[in-house]
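Accompanying notes for the structure given below.
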Amino acid sequence: MVYSNVVTIIATIVAWLIIGGLVLIKHKKLQDKPKLWKVILIVIVGMFSFTINLNFQGVSMRIPILPLGVLLLMFAFRNKGESWQKYRIYAWIGFLGQFIFILTSLLTIPVNSVLYPEEELSTYIANTHNANIIQTHPSGEEYSLNKEILSKQIKSMKQESVYSEQWYQELTVNPDSTKVNERFPYVVIDTLPKWGSGFEGLIYLEKDGKGLLVSTAAGQYYFRGEVSVLMEEQR
55 MVYSNVVTII ATIVAWLIIG GLVLIKHKKL QDKPKLWKVI LIVIVGMFSF
105 TINLNFQGVS MRIPILPLGV LLLMFAFRNK GESWQKYRIY AWIGFLGQFI
155 FILTSLLTIP VNSVLYPEEE LSTYIANTHN ANIIQTHPSG EEYSLNKEIL
205 SKQIKSMKQE SVYSEQWYQE LTVNPDSTKV NERFPYVVID TLPKWGSGFE
255 GLIYLEKDGK GLLVSTAAGQ YYFRGEVSVL MEEQR
């Protein structure tokens, strides 16, 4: 299942509303009003640009460098000087729209940090009703997930440091994969993240049942509880 970040969706809608507002304000001021569908087309074409992709605090942004759409329209209207004067402002509004999207994207960073804090497990696991575990390594034993204990510990599990190098070295000590003492031999499945967070990733369960490693595109987060969430399978 694909989850969408509600803050990002709202920011995108706000950006489009601002662009639409600028277009309508300009359109109302003109005595010789161009057809609205042509204006919309000019704005969309004006948005095309040469961009540089950047990632800032987990937010992907495209920084516009060269207004290709505006240049294309200038070329298309090269023999229609009066028409270009009428539509030029809308082409530049389209190019300006790229910066409006960047601004609204930047505003999502502090909002997301408040609504969906990375240091809280409840951001990644909010519902355990259908939760289960899959054994992904032979060093793990045949256990099942105690959903009740996991649910009770979500609020109390503390974030700790991720010792990725140390854990990797533990894996590479013995080249025989069947004899490796895998630290996280289980994957937790069928949980639901906090509504609107848009979290997508994997949640690994530690062998002792007390640690959870949340792996996302933005990074890894390790949480540790006091009680094991593993229990022997009932036959």
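Take 55 as the starting number for the sequence shown in the numbering used here and just add one per residue.
Glycine residues also receive a C-beta, built at the ideal position from the N, C-alpha and C atoms.
- In summary, A65 is buried, with 16 or more beta-carbon neighbours lying within 10 Å of its beta-carbon over all protein chains present.
- Residue pairing by DSSP places Y276 opposite E214 and L267 in a beta bridge.
- In this structure, V216 and Q274 form a Cβ contact; the two beta carbons are roughly 5 Å apart against a cut-off of 8 Å.
- Bridge pairing for M101: absent [DSSP].
- L246 has its alpha-carbon roughly 9 Å from the corresponding atom of N184.
- From the listed residues N235, K212 and N200, the smallest Cα separation to I243 is found for N200.
- Going by DSSP, E202 is part of the alpha helix (DSSP H) stretching over K201 to Q207.
- In the DSSP secondary-structure assignment, L259 is bridged to Y240 and L266.
- Sorting R237, V165 and Y170 by C-alpha distance to the C-alpha of K248 places Y170 at the top.
- Contact between L259 and Y240 holds, with the beta-carbon distance rounding to 4 Å and staying under 8 Å.
- Here the segment 204 to 215 makes no contact with the segment 124 to 141; the two share fewer than three CB pairs at distances below 8 Å.
- CA-to-CA, the gap between V113 and V168 works out to about 15 Å.
- The three-state reading of DSSP puts F129 in helix, counting H, G and I together.
- Rounded to whole angstroms, the separation of the alpha carbons of F102 and F110 is 22 Å.
- Here F110 is bridged, per DSSP, to V113.
- In this structure, W146 is the residue among I163, W146 and I94 with its C-alpha nearest to the C-alpha of P118.
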